[in-house]
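Beneath this line is the structure, given in structure tokens, with notes to follow.
Numbering (the working numbering), first residue to last: 484 to 921.
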């Protein structure tokens, strides 16, 4: 961007009758939208071209203009006339070193913003204003001092033309968006590029706000560093990659579904607070603990199956009052203490662990309906569950799965069956129950 060549358009040598000034509101942004447009009865034509890491758009308007030919005669014609240039959104830092948008230059002006004057290598004088009431808080406008044709009216009512030297508006620079190159991982970068409309190499603010769904699963992603914050993203799927950490994940205030399963995560440290999250899949990773567990106040379903967890203490600070389903299957849990208070939990998967007893408190899980406890074994295949006695108080259960354990005495389960619970290792289960695993 430092080598931007300044375009001093033909407007500097002509006079225009009724040319539009940037700032007029319209349903279409005529300054950066390629094509022909009709806005408020005026006809526009816009073309855009790649320019460094942004796009440079030229807006022309159908208007009457006055030119001066070689003999000095003033000529009035109607046709397409240059209106202005617009450089599409880019981060401010991209313009450092370029006078069209280097906000570090200049002096403060009343009302906010800054202004500076400069001269190019051809001796032309320019003025650039940034972040003022006129430019808006995320942009610059540049004016050039030039000779232009003005129109006057004689005493007899006839028009006449004359030249004056004055400042003429030439171009706009817009700040905003995120450079796609700030996303460090090539797989993630390619996925994002597939789901947004870039202007140059920049993701415009409108695209950041538009995106609702992003599926980047199975792309070999190893890092989330530089991932943009998509404020309205509701679904993000990163399953089946090679992530070892979630560091770099931005705040995503609207995110409801997050898939991080089948990666290589060893920690949840760096997972941001996600206030709208409903479902989180962390299954089939390499988690050995849950230190750094964030606040997820609206979480309903959580999958932690297939990890290397030996305790669940990290969940204690989560305050998961809305959690309905928790999957802790296929870990290395010898105990479920201190499982936190989960007042809405109805389904708990603990199969394929190494529990000696089910030592959760009924007071912490008052709505539990379905419990999976099959195959509690050591790594050598020997059974760990000592008895079913700890299950006797759980008379509110509707379905209980305990097959594959090395416990012969089923008598503690009879009171549950009598209370209406279907149990996979017992006969004569309550009529109307099927033992569905769903």
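Even for Gly, the Cβ is constructed at its ideal location relative to N, Cα and C.
Grouping DSSP H, G and I as helix and E and B as strand, with all else coil, what is residue i?
i            : result
residue 896  : helix
residue 839  : coil
residue 508  : Below a pLDDT of 50, predicted positions are generally treated as unreliable, and residue 508, at 45, falls in that range; no measurement from the model is reported.
residue 857  : coil
residue 1002 : Any answer about residue 1002 is impossible in this case: the structure gives the chain only from 484 up to 921.
residue 518  : strand
residue 688  : helix
residue 693  : helix
residue 809  : strand
residue 820  : coil
residue 828  : coil
residue 593  : coil
residue 672  : helix
residue 575  : helix
residue 901  : helix
residue 698  : strand
residue 908  : coil
residue 913  : coil
residue 677  : helix
residue 725  : coil
residue 848  : coil
Could you name the residues that DSSP lists as bridge partners for residue i?
i           : result
residue 557 : 551
residue 567 : 542
residue 710 : Answer is none; residue 710 lacks a bridge partner.
residue 612 : 598, 624
residue 533 : 538
residue 742 : 720, 764
residue 884 : 855
residue 562 : 546
residue 527 : 520, 544
residue 682 : 685
residue 606 : Answer by DSSP bridge pairing: none, since residue 606 is not bridged.
residue 731 : BP columns for residue 731 are empty, so no partner.
residue 584 : The partner list for residue 584 (beta bridge, DSSP) is empty, contrary to what the question assumes.
residue 866 : 860
Which one of the options has the shortest CA to CA distance from residue i?
i           : options            : result
residue 880 : 860, 911, 864, 828 : 828
residue 463 : 709, 731, 700      : One cannot answer for residue 463 here, as it falls past the ends of the chain, which runs 484 to 921.
residue 722 : 748, 598, 641      : 748
residue 657 : 686, 797, 668, 651 : 686
residue 772 : 546, 760, 751, 756 : 751
residue 809 : 662, 850, 839, 774 : 850
residue 551 : 806, 863, 644      : 644
residue 683 : 784, 670, 534, 858 : 534
residue 730 : 779, 523, 705, 689 : 705
residue 758 : 774, 874, 739      : 739
residue 708 : 562, 756, 664      : 664
residue 425 : 728, 726, 736      : Outside the shown range of the chain, which is 484 to 921, sits residue 425, and nothing can be said about it.
residue 581 : 610, 596, 563      : 610
residue 544 : 596, 782, 568, 553 : 568
residue 841 : 876, 852, 814, 518 : 876
residue 593 : 604, 615, 608, 911 : 615
residue 560 : 630, 549, 536, 553 : 549
residue 529 : 538, 649, 515, 853 : 515
residue 597 : 882, 853, 624, 778 : 624
residue 742 : 696, 510, 857      : 696
residue 627 : 642, 691, 606      : 606
- Task: Report the residue ranges of all alpha helix (DSSP H) runs contained in full by the stretch 614-666; include only those spanning at least 4 residues, in chain order.
- Result: Within the stretch 614-666, no complete alpha helix (DSSP H) run reaches 4 residues.
- Okay, do the stretch 667-679 and the stretch 584-597 touch, 3+ Cβ pairs below 8 Å being the bar? Inter-segment contact for the stretch 667-679 and the stretch 584-597 is absent: fewer than three beta-carbon pairs are separated by less than 8 Å.
- Task: For the stretch 608-619 and the stretch 634-642, state whether three or more C-beta atom pairs, one from each stretch, are separated by less than 8 Å.
- Result: Output reads no: the stretch 634-642 does not touch the stretch 608-619.
- Message: Pairs of beta-carbons, one from the stretch 785-792 and one from the stretch 760-771, closer than 8 Å: are there three or more?
- Response: With the cut-off at 8 Å, the stretch 785-792 and the stretch 760-771 touch.
- With contact counted as at least three CB pairs below 8 Å, one residue from each stretch, are the stretch 569-582 and the stretch 649-664 in contact? The stretch 569-582 is in contact with the stretch 649-664.
- beta strand (DSSP E) segments (min. 3 residues) lying fully within the stretch 751-811: Runs of the beta strand (DSSP E) lying entirely within the stretch 751-811, each at least 3 residues long, are 762-764, 784-786, 808-810 in chain order.
- Task: Tell me, please, whether the stretch 896-903 touches the stretch 855-868 by the rule of three or more beta-carbon pairs shorter than 8 Å.
- Result: They do not touch, by the three-pair rule.
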